[in-house]
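**Q** Pasting a structure below so you can have a look.
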Amino acid sequence: MERSFLKRKAAISESGSRKSAKTTDNGPGGEKKMSFAERMMAKMNYTGGGLGKSGEGIVEPVQVQMRQRGVGLGQVREKTAQAKAEEKRAAEARGEKYEDSSEEEREARRRRQKARKSGMGSGTSTPGGTAKRKTKYTTVADIEAAAPGLEIPQNLITSIIDATGQGTRLLTSAAGIMTPGGSMLSTDTEAEKIAKRERLELEAYMESWNGVQDRKNYLDIQEEQLRQDIDAQEEEVRNLQDVVSAVERLKHIDLADSSDTAWEKTVRQLEVLQLDHQAQIALYHLSDAAVAAIYPLLKEAIQNWEPLSHPAELVSHILRIRSILGIRDNSDITLHNGINDPEFSSARRHKSTTAYETLIYTLWLPKLRTTITNEWDVHDPTPLITLVDAWRDVLPSFVYHNVIDQLIVQKLSSAVAAWKPRTAHHDRASKLHRHRQSSQHLPHIWVFPWLPYLSSQHIDPKSATGLLADVKRKFRLAIDSWDIGAGVILPGLAEWRQLFGTTFNETIMPHLVRRLAAHLASTFEVAPDDQNIAPLEHVLAWKEFLSPRILGQLLVAEFFPKWHAVLYQWLTFAAANFVEIGNWFSWWQSVFPDELNAVPAVAAEWERGLATINLALDLGDRVATDLPPPTAGPARPIADTTTTPAKVPLSAKTKPAVEATFKDVVEEWCTEHSLLLMPLREAHAATGFPLFRITASATGRGGVVVYFKGDVLWAQNRRDRALFEPVELGEGLVERVEGR
């Protein structure tokens with residue numbers, strides 16, 4: 001019994017597959033069957049053609065050009081057939097002729113093939129064709145010109161090649177050359193082959209001949225070069241023999257002769273050697289030989305040399321032979337504060353010393369160091385300045401700077417430190433004698449000549465270290481303890497003021513103003529019946545160091561309060577005589593110089609006094625009760641606020657010098673007078689300032705009890721111990737301390 005499903009399967013297979021492949025025909029009429037997309041487009045009234053309103057869009061669906069894996073650009077044509085068809089249809093719609101890249105390439109290839117064929121037929125050269133190489137014949141004249149001196153065999157000269165026709169022919173003679181029927185040999189004969197081989201051998205021989213000639217020319221040039229080298233070496237040997245002979249002659253100089261004779265002989269021979277062999281000094285190390293020749297002479301001369309008495313001795317001999325000694329150009333050894341910078345000279349120093357530099361360092365420098373340290377009087381700079389000027393051109397740079405910066409500056413600094421400006425004027429009895437003696441040792445006399453030789457550290461007024469800084473410190477200490485009442489201006493201050501420049505107003509003037517103010521406050525009194533103007537004259541004597549405005553402020557602070565007080569007392573006196581008061585007023589105006597009276601502050605004080613007198617005249621009998629007393633003026637002169645201190649750069653690493661206090665000045669003054677300043681560990685009852693005792697006894701008893709108030713020293717009164725009065729550092733205080 002057969003299964004039904006098997007039958008059904010067989011029936012289906014006989015009748016055909018249930019699903020048949022789609023065909024483009026739909027029935028016997030061959031009508032094209034539309035796809036689903038076409039049917040949908042037809043429902044939307046699409047009748048065919050390009051997309052878009054005007055049909056300018058694509059007709060065929062977009063196709064994709066497949067590229068194999070790993071294939072780069074250019075290996076596959078990127079445009080598909082659909083893209084080319086669309087471009088062609090669009091070009092035809094625009095009325096243009098479409099040509100793609102493949103058609104252009106085929107057209108260009110056809111043109112090249114056509115041109116190549118036409119060129120072959122016409123015999124003309126084309127870019128794509130190969131030009132036929134033209135045969136070049138070498139004549140006898142060409143061979144003789146290319147190989148001069150080469151002998152050419154006669155049989156080669158008699159052989160003639162005829163190249164007038166399409167082929168070449170070998171002629172045995174010149175007869176019948178122009179005759180068409182002349183005797184000629186075929187190019188394939190044995191004679192022509194032999195002649196051809198002869199020509200080839202001749203060309204090879206000619207090339208060999210040219211090679212030999214080039215080699216010969218090269219050897220000639222090399223021979224000439226070797227001959228020049230031999231001549232140069234022979235000349236060098238002769239020069240070396242002359243140098244050896246000259247050096248040998250230096251050994252035979254008798255050192256037992258006098259110093260001048262030995263020096264003259266040695267220097268003369270070195271001059272000849274220096275002149276004849278100037279270019280070989282460095283090559284043969286002649287500087288070492290020259291230094292060795294003068295070493296014994298210089299050593300003996302240095303031992304007997306007195307630098308301060310004969311500063312320029314031996315310099316003339318050394319200058320004559322400076323080239324052979326190897327003395328470098330010392331143009332950098334100039335004045336420190338001149339055009340060249342000392343840092344520039346230090347940058348040019350060499351790492352190692354020459355023989356001459358070692359000679360100067362070991363013989364000359366120790367002698368000068370001993371002389372400067374032990375023999376030279378710093379107050380007499382002339383001999384040493386003469387020596388430095390004479391030796392400057394022959395000294396090595398580092399030796400010169402050692403002499404200036406180490407030896408001379410150190411001696412000057414020690415002398416400045418030992419200088420005591422007020423010692424020469426301490427004893428009034430011998431004041432004139434001491435003044436004459438000390439005026440010769442004032443620092444500006446023996447320091448100023450060295451200023452051109454010193455570095456900027458020592459000559460810069462704004463520098464915190466150096467000679468000028470030490471001198472300014474000395475002047476400040478001296479002014480703080482100077483006896484203004486002696487009537488003598490601090491010696492040398494006027495000369496140093498020009499060098500200090502604007503720093504004088506910043507560093508020294510405040511000390512001077514305070515000292516003058518203290519002098520007026522402690523010594524000057526206004527007394528119409530017995531006026532002593534000496535203290536005022538002592539102050540006015542310093543007017544060259546103070547501007548009229550500063551001096552006027554000083555008088556306004558210290559003079560006019562006392563003057564107004566006396567004027568008030570006189571005006572309120574019952575028996576006051578206004579005529580005498582007027583004369584007294586006019587006399588005081590005449591005491592002051594005109595430039596001082598013209599100061600606005602001073603003129604205002606005179607106007608104030610005149611107004612007080614006029615008011616007293618107006619008050620009449622009521623002057624004693626109604627005249628107002630004068631107002632108190634400032635205790636100290638007003639500082640000059642217009643002077644601005646010099647700005648210190650932020651990069652400055654040097655710390656400013658510590659300013660000496662008035663207590664330090666008093667301690668130094670006590671030391672100079674063999675006195676002691678001892679603290680009492682007590683305070684003043686009224687002011688609270690600590691008390692000190694100035695005594696001449698080592699036990700600390702006796703003397704005078706004092707305290708410091710600003711820059712004024714207040715001493716205890718002998719009779720009233722509760723009363724303290726200002727005193728100045730002078731002989732009066734010394735007498736009180738010693739109990740005289």
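Just so you know, we're using full-length UniProt numbering here: the sequence shown kicks off at 1 and counts up by one.
We treat Cβ as the ideally placed atom computed from N, Cα and C, and that holds for glycine.
All values derive from a computational prediction rather than experimental measurement.
State buried or exposed for Y46, treating a residue as buried only when at least 16 other CB atoms are found within 10 Å of its CB.
**A** The count along the sequence shown starts at 1 and reaches residue 46 at position 46. Burial call: exposed.
**Q** What are the start and end residues of each continuous alpha helix (DSSP H) run of 4 or more residues lying completely inside the stretch 466 to 505, in chain order?
**A** DSSP runs (the alpha helix (DSSP H)) wholly in the stretch 466 to 505: 467 to 480 and 493 to 500.
**Q** Answer yes or no: do H444 and E525 have a C-beta to C-beta separation smaller than 8 Å?
**A** By 1-based counting over the sequence shown, the position of residue 444 is 444. By 1-based counting over the sequence shown, the position of residue 525 is 525. The answer is no: Cβ separation not under 8 Å.
**Q** According to DSSP, simplified to helix, strand and coil, what is P679?
**A** To locate residue 679, count along the sequence shown from 1; it is residue 679. Strand, per DSSP.
**Q** On the three-state DSSP scale, how would you describe Q716?
**A** Sequence index remark: in the sequence shown, residue 716 carries index 716 (1-based). Of the three classes helix, strand and coil, the one that applies to Q716 here is strand, per DSSP.
**Q** Work out the CA separation of E151 and A145 for me, nearest whole Å.
**A** Mapped onto the sequence shown, residue 145 falls at position 145. Mapped onto the sequence shown, residue 151 falls at position 151. When rounded, the distance between both Cα atoms is 12 Å.
**Q** Using the Cβ count rule (16 or more neighbours within 10 Å means buried), how would you classify A722?
**A** Position 722 of the sequence shown, counting from 1, holds the residue named residue 722. The residue in question, A722, is exposed, as its Cβ has fewer than 16 Cβ neighbours within 10 Å.
**Q** P726 by DSSP, collapsed to three states: which one?
**A** Position 726 of the sequence shown holds residue 726. Three-state DSSP puts P726 in a strand.
**Q** Going by the DSSP bridge assignment, what does Y707 pair with across the sheet?
**A** By one-based count along the sequence shown, residue 707 stands at place 707. DSSP lists W714 as partners of Y707.
**Q** From I479, P528 and A486, pick the residue whose C-alpha is nearest to that of P510; which is it?
**A** For the purposes of this step, residue 510 is taken as residue 510 along the sequence shown, with counting starting at 1. When each option's Cα is compared against that of P510, the closest is I479.
**Q** Between which two residues does the beta strand (DSSP E) harbouring P443 extend?
**A** As a working note, residue 443 is residue 443 in the sequence shown. That residue, P443, is in no beta strand (DSSP E); its alpha helix (DSSP H) goes P443 to V447.
**Q** If I follow the unbroken beta strand (DSSP E) through T695, where does it start and stop?
**A** Residue 695 sits at position 695 when you count from the first residue of the sequence shown. Run containing T695: P690 to T695, per the beta strand (DSSP E) assignment.
**Q** Between the beta-carbon of L467 and the beta-carbon of P461, is there less than 8 Å?
**A** One-based indexing of the sequence shown puts residue 467 at position 467. One-based indexing of the sequence shown puts residue 461 at position 461. Taking 8 Å as the Cβ cut-off, L467 and P461 do not qualify as a contacting pair.
**Q** In the stretch 228 to 256, which residue ranges form an unbroken alpha helix (DSSP H) of at least 4 residues, counting only runs that do not cross its ends?
**A** Entirely contained in the stretch 228 to 256, not one alpha helix (DSSP H) run reaches 4 residues.
**Q** Excluding the 5 residues preceding and the 5 following I239 in the sequence, name in chain order all residues of the same chain whose CB lies nearer than 8 Å to its CB.
**A** Residue mapping note: residue 239 aligns to position 239 of the sequence shown, counting from 1. Before going on, a small fix: residue 239 reads as Asn here, not Ile. Around N239: H277 and Q280.
**Q** If you count every other CB in all the chains shown that lies within 10 Å of the CB of D720, and 16 or more means buried, which is it?
**A** As a working note, residue 720 is residue 720 in the sequence shown. The residue in question, D720, is exposed, as its Cβ has fewer than 16 Cβ neighbours within 10 Å.
**Q** Do I327 and Y356 have their CB atoms nearer than 8 Å?
**A** Along the sequence shown, read from residue 1 onward, the residue named residue 327 stands at position 327. Along the sequence shown, read from residue 1 onward, the residue named residue 356 stands at position 356. Cβ distance < 8 Å, so I327 and Y356 count as in contact.
**Q** Drop a sphere of 10 angstroms on the beta-carbon of Y707, count the other beta-carbons inside from all chains shown, and report buried for 16 or more, exposed for fewer.
**A** Counting from 1 along the sequence shown, the entry for residue 707 is found at position 707. Buried: at least 16 other Cβ atoms inside 10 Å.
**Q** Going by other Cβ atoms of all chains shown within 10 Å of its Cβ, with 16 needed for buried, is P381 buried or exposed?
**A** In the sequence shown, residue 381 corresponds to position 381, counting from 1. With 16 or more Cβ atoms within 10 Å of its Cβ, P381 is classed as buried.
**Q** For the stretch 553 to 560 against the stretch 594 to 602, are there 3 or more C-beta pairs whose distance is under 8 Å?
**A** Contact between the stretch 553 to 560 and the stretch 594 to 602 is present, because at least three Cβ pairs lie under 8 Å.
**Q** Is the separation between the beta-carbon of L627 and that of L619 shorter than 8 Å?
**A** Position 627 of the sequence shown, counted from the start, is the residue given in the question as residue 627. Position 619 of the sequence shown, counted from the start, is the residue given in the question as residue 619. Their beta carbons are under 8 Å apart, which means L627 touches L619 by this criterion.
**Q** As a quick exercise: from K420, S455, Y453 and L451, pick the residue whose alpha carbon is nearest that of H441.
**A** What you label residue 441 is simply residue 441 of the sequence shown in a count that begins at 1. The residue with the shortest Cα to Cα distance from H441 is K420.
**Q** On the three-state DSSP scale, how would you describe G70?
**A** Stepping through the sequence shown from its first residue, residue 70 is reached at position 70. DSSP places G70 in coil when its eight states are reduced to three.
**Q** Work out the CA separation of L387 and V244 for me, nearest whole Å.
**A** Here the question's residue 244 lines up with position 244 in the sequence shown. Here the question's residue 387 lines up with position 387 in the sequence shown. Straight-line Cα distance between these residues: approximately 36 Å.
**Q** How long is the line joining the alpha carbons of T354 and I294, rounded to whole angstroms?
**A** As a working mapping, residue 354 is identified with position 354 in the sequence shown. As a working mapping, residue 294 is identified with position 294 in the sequence shown. Near 15 Å, if we compare the C-alpha coordinates of I294 and T354.
**Q** Cα-Cα, which of Q457, I372 and A390 is closest to A415?
**A** As a position in the sequence shown, residue 415 is number 415, starting the count at 1. Answer by Cα proximity: I372.
**Q** For Q303, is the classification buried or exposed, using 16 other Cβ atoms within 10 angstroms of its Cβ as the cut-off for buried?
**A** Here residue 303 refers to the residue found at position 303 of the sequence shown. By the neighbour-count rule (16 or more Cβ atoms within 10 Å), Q303 is not buried but exposed.
**Q** Using a Cβ-Cβ cut-off of 8 Å, state whether F708 counts as contacting chain C.
**A** Protein chain content of the structure displayed is limited to a single chain, and chain C is not contained in it.
**Q** Helix or strand or just coil, what does DSSP make of K79?
**A** Along the sequence shown, read from residue 1 onward, the residue named residue 79 stands at position 79. Reduced to three states, the DSSP call for K79 is coil.
**Q** Please say whether S547 and E728 have beta carbons closer to each other than 8 Å?
**A** Against the sequence shown, residue 728 aligns to sequence position 728. Against the sequence shown, residue 547 aligns to sequence position 547. It is not a contact, given that the beta carbons lie outside the stated cut-off.
**Q** G487: buried (16+ other C-beta within 10 angstroms of its C-beta) or exposed?
**A** Sequence index remark: in the sequence shown, residue 487 carries index 487 (1-based). Counting Cβ neighbours within 10 Å, G487 comes out exposed, since fewer than 16 surround it.
**Q** Do the CB positions of L571 and T612 come within less than 8 Å of each other?
**A** Counting from 1 along the sequence shown, the entry for residue 571 is found at position 571. Counting from 1 along the sequence shown, the entry for residue 612 is found at position 612. Yes, these two residues count as a Cβ contact at 8 Å.
**Q** Let me make sure I understand the geometry here. Which of D530, L286 and W669 has the alpha-carbon closest to that of E248?
**A** For the purposes of this step, residue 248 is taken as residue 248 along the sequence shown, with counting starting at 1. Per the Cα distances, L286.
**Q** Between the C-alpha atoms of I508 and R549, what's the straight-line distance to the nearest angstrom?
**A** On the sequence shown, residue 508 is found 508 positions in, with the first residue counted as 1. On the sequence shown, residue 549 is found 549 positions in, with the first residue counted as 1. Taking the straight line from one Cα to the other gives about 17 Å.
**Q** Taking 8 Å as the threshold (C-beta atoms), are I321 and V267 in contact?
**A** Sequence index remark: in the sequence shown, residue 267 carries index 267 (1-based). Sequence index remark: in the sequence shown, residue 321 carries index 321 (1-based). Yes; because the gap between Cβ atoms is below 8 Å, this pair is in contact.
**Q** In terms of residues, what are the limits of the alpha helix (DSSP H) holding F545?
**A** As a position in the sequence shown, residue 545 is number 545, starting the count at 1. No alpha helix (DSSP H) holds F545; DSSP gives it neither H nor E.
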